[in-house]
Ligand SMILES: Cc1ncc(COP(=O)(O)O)c(C=O)c1O
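What follows is the structure in structure tokens.
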């Protein structure tokens, strides 16, 4: 059996042709593919505006900037995520405050967030960044209520979840990033994610003012629109301090063909999840699925005793499982700069037991059977 990674991209001839066609066109960057990708992505998730960026880390940075974050602002997020979910706050000299996870969904626990908010004076916190961890969408309607009550901005880190949805109290299915409840949502197009652009990301919003800010921050703070003066066709204004967080046309061309395949990919990912669940039912704990939710299944996480033993055993058999994630407060950087004062014991227990099994659309039945066999073998 050849090596089986925990995740990998699926690239076909159509993807390759799209990139070659763009290579032969007039624009390698800032051309028509970017706007086309943004429009198609916005339609897919059901939002008004989408801004393509160089990666999700850049997307999170300009998302928090667009919320008007200032030095010292306190922002709540989950300890079980990739560092970028919190680092965007640190880029802006804000403070990261962690709240604990739910032990069954592994998502930021809204009750832990409420407790943290209630334990501090009003106005203490400025924003909240829940994460659709492993592809499981957060119930943003509940977070919106909390955001209204405590006057917080709300950014969804949807890096793991393009195509996932939760059902709100009105019975509407809300696709991650649809802009109904969050101020903005951020997606990643790193190759282990659903849509592979090499590097890439997208920020979505329904708010026109936020959209305008996102575009400014993406491109040096420079614009040719809404200028105080105009000296001629060449003229532009730098209206704020921005970055070069642009995606290229090559990546956007790939993004378009990859996006078309995402619905099929989500179906396949859920088939794989179903088979894992059937194999482990009653024996091994896996991420739970709340009612009315479609898990986009970037990952399939199980919890086991002797996690390191299983990890090493699988590796010995050429199965490259992974651990998602080392809790943020265990990272030396966050130990140094601080992460608030909440009890994070669920996250710590989870970290001792979690392991992500191979999950990607081109995982074959034979490969998955082999993974299941090896997991069971280890425990027998
Ligand atoms: C939850 C989460 N947010 C943000 C990111 C950052 O994504 P990117 O690599 O596109 O910058 C990642 C990447 O793994 C992630 O898992």
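Numbering (my numbering), first residue to last: 1090 to 1469. Quick reminder that beta carbons are idealized off the backbone N, C-alpha and C, glycines included.
Chain-order list of residues whose beta-carbon lies under 8 Å from that of residue i (same chain, five-residue window excluded)
{"i": "residue 1170", "result": "1220, 1222, 1246, 1414 and 1417"}
{"i": "residue 1396", "result": "1412, 1441, 1442, 1443 and 1444"}
For residue i, the three-state DSSP class (helix, strand or coil)
{"i": "residue 1191", "result": "coil"}
{"i": "residue 1498", "result": "The shown model of the chain, from 1090 to 1469, leaves out residue 1498, and the question about it has no answer."}
{"i": "residue 1216", "result": "strand"}
{"i": "residue 1241", "result": "coil"}
{"i": "residue 1273", "result": "strand"}
{"i": "residue 1185", "result": "strand"}
{"i": "residue 1352", "result": "helix"}
{"i": "residue 1458", "result": "helix"}
{"i": "residue 1114", "result": "coil"}
{"i": "residue 1148", "result": "helix"}
{"i": "residue 1286", "result": "coil"}
{"i": "residue 1308", "result": "strand"}
{"i": "residue 1446", "result": "strand"}
{"i": "residue 1378", "result": "coil"}
{"i": "residue 1094", "result": "strand"}
{"i": "residue 1197", "result": "strand"}
{"i": "residue 1408", "result": "strand"}
{"i": "residue 1263", "result": "strand"}
{"i": "residue 1368", "result": "helix"}
{"i": "residue 1394", "result": "coil"}
{"i": "residue 1301", "result": "helix"}
{"i": "residue 1227", "result": "coil"}
{"i": "residue 1140", "result": "strand"}
Through-space distance from residue j to residue i, alpha-carbon basis
{"i": "residue 1276", "j": "residue 1292", "result": "6 Å"}
{"i": "residue 1368", "j": "residue 1120", "result": "48 Å"}
{"i": "residue 1302", "j": "residue 1180", "result": "17 Å"}
{"i": "residue 1235", "j": "residue 1225", "result": "20 Å"}
{"i": "residue 1388", "j": "residue 1105", "result": "26 Å"}
{"i": "residue 1447", "j": "residue 1322", "result": "53 Å"}
{"i": "residue 1126", "j": "residue 1284", "result": "12 Å"}
{"i": "residue 1167", "j": "residue 1260", "result": "27 Å"}
{"i": "residue 1386", "j": "residue 1358", "result": "6 Å"}
{"i": "residue 1319", "j": "residue 1142", "result": "28 Å"}
{"i": "residue 1450", "j": "residue 1212", "result": "45 Å"}
{"i": "residue 1298", "j": "residue 1149", "result": "17 Å"}
{"i": "residue 1173", "j": "residue 1190", "result": "17 Å"}
{"i": "residue 1241", "j": "residue 1227", "result": "17 Å"}
{"i": "residue 1362", "j": "residue 1316", "result": "52 Å"}
{"i": "residue 1457", "j": "residue 1371", "result": "19 Å"}
{"i": "residue 1352", "j": "residue 1208", "result": "42 Å"}
{"i": "residue 1248", "j": "residue 1289", "result": "11 Å"}
{"i": "residue 1360", "j": "residue 1210", "result": "47 Å"}
Same chain, Cβ closer than 6 Å to residue i, five either side skipped, listed in chain order
{"i": "residue 1114", "result": "none"}
{"i": "residue 1280", "result": "1098"}
{"i": "residue 1342", "result": "1107, 1108, 1111 and 1122"}
{"i": "residue 1467", "result": "1399 and 1402"}
{"i": "residue 1239", "result": "1206"}
{"i": "residue 1101", "result": "none"}
Test item: CB-CB of residue i and residue j under 8 Å
{"i": "residue 1332", "j": "residue 1147", "result": "yes"}
{"i": "residue 1428", "j": "residue 1090", "result": "no"}
{"i": "residue 1345", "j": "residue 1124", "result": "no"}
{"i": "residue 1390", "j": "residue 1373", "result": "no"}
{"i": "residue 1355", "j": "residue 1252", "result": "yes"}
{"i": "residue 1287", "j": "residue 1204", "result": "no"}
{"i": "residue 1175", "j": "residue 1188", "result": "no"}
{"i": "residue 1273", "j": "residue 1152", "result": "yes"}
{"i": "residue 1178", "j": "residue 1217", "result": "no"}
{"i": "residue 1268", "j": "residue 1137", "result": "yes"}
{"i": "residue 1313", "j": "residue 1325", "result": "yes"}
{"i": "residue 1232", "j": "residue 1270", "result": "yes"}
{"i": "residue 1215", "j": "residue 1296", "result": "no"}
{"i": "residue 1160", "j": "residue 1306", "result": "no"}
{"i": "residue 1381", "j": "residue 1255", "result": "yes"}
Neighbourhood of residue i by C-beta distance below 7 Å, restricted to the same chain and skipping five residues each side
{"i": "residue 1327", "result": "1309, 1310 and 1311"}
{"i": "residue 1130", "result": "1139, 1291 and 1348"}
{"i": "residue 1230", "result": "1257, 1258 and 1270"}
{"i": "residue 1092", "result": "1407 and 1409"}
Ligand 2 heavy atom lying under 7 Å from the CB of residue i
{"i": "residue 1425", "result": "Summarising the ligand content, the structure contains ligand 1 and does not contain ligand 2."}
Closer than 6 Å from C-beta to any heavy atom of ligand 1: which residues, in chain order? 1144, 1145, 1146, 1170, 1171, 1173, 1174, 1220, 1246, 1248, 1249, 1277, 1279 and 1290
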